[in-house]
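Residue numbers (the working numbering): 429 to 729.
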């Protein structure tokens, strides 16, 4: 079974709360999703040491579709049978992002570590084993650590993860203990478009007719400053427009996402890409950069 659940702001994968945070040296702002304050869920001190100081609290908003492939469990649909690798390399680039799952056991737990290796090799689901045996709080998410890229994890874990072939279980040791990890998927990150290039494109009527331009700011912000041709999809109203997004937008068309300074738009752009949109661009610097670099008549706020 392959199951994806979650919510707008708690990409339940990066919500590998405690362990996740210590494992990454830094984490991009896409993990700090801006949703209405409801039930805050914060990373522990251990999480922060593992994933890095840039993690902010995640807010849980029930019954809202995830902005990312959030909680995943039962990965039998992704792999027929696990195989082990000592880190045989596959091509990796600076831009590549990987979706990582792992089980963590204490350094001295060699018997358990060996048992888990065998059980995974025999076909047991790592998600279930992580939930039962892992000492990382990501066990609540089936061991999912989320989408990561080079420079975000401690060196030993990063080297093993980025050399691993997809769905091959890799062994590695870090300061936190012994890990069994596997890469479940990989992707190229959302592309940025500079405001000057966007402005140039917007002078072409064909572009304005064919491209999908969306603004994820709130209505009061739109009233203060806006660009022509952009449809409004407020991030705080994510739950109202996300479930049927493919009836509102065409995944095959070029899609450009705008906000005030580029943070919220990146969140939505990543989510759109996860939903199968093939060509998504984040407007770097947002409407504020557009005002400063292209059109000073647009108010800043």
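Even glycine gets a Cβ: it sits at the ideal position worked out from N, Cα and C.
For residue i, which three-state DSSP category applies?
i, result
"residue 507", "Because the pLDDT of residue 507 is 37, which lies under 50, any placement of that residue in the model is unreliable, and the question is left without a value."
"residue 655", "coil"
"residue 797", "Because the chain is modelled from 429 through 729, residue 797 falls outside the range shown and cannot be assessed."
"residue 693", "helix"
"residue 441", "At residue 441 the pLDDT is 40, less than 50, meaning the model places this residue with poor confidence and gives no usable figure here."
"residue 555", "helix"
"residue 661", "coil"
"residue 711", "strand"
"residue 579", "coil"
"residue 626", "helix"
"residue 726", "coil"
Going by alpha carbons, who is nearest to residue i out of the options?
i, options, result
"residue 541", "558, 586, 661", "558"
"residue 619", "609, 721, 710", "710"
"residue 565", "579, 699, 529", "529"
"residue 535", "653, 667, 607, 584", "607"
"residue 685", "527, 712, 552, 670", "712"
"residue 652", "569, 674, 719, 616", "719"
"residue 586", "696, 601, 706", "601"
"residue 616", "550, 553, 532, 576", "576"
Starting from residue i and walking both ways along the alpha helix (DSSP H), at which residues does that stretch end?
i, result
"residue 541", "538-549"
"residue 715", "714-721"
Under 8 Å by Cβ, that's how I've got residue i and residue j pegged, so tell me the actual separation to the nearest angstrom.
i, j, result
"residue 677", "residue 668", "Contact doesn't hold; Cβ gap of about 14 Å is too wide."
"residue 623", "residue 722", "5 Å"
"residue 554", "residue 533", "The pair is not a contact, with the Cβ atoms about 13 Å apart (cut-off 8 Å)."
Going by the CB atoms, is the gap between residue j and residue i shorter than 8 Å?
i, j, result
"residue 657", "residue 636", "yes"
"residue 714", "residue 679", "no"
"residue 544", "residue 561", "yes"
"residue 681", "residue 638", "yes"
"residue 588", "residue 526", "no"
"residue 524", "residue 614", "yes"
Quick check on the DSSP output: the beta strand (DSSP E) that includes residue i runs from which residue to which?
i, result
"residue 643", "640-643"
"residue 613", "605-615"
"residue 601", "596-602"
"residue 528", "525-533"
"residue 619", "619-621"
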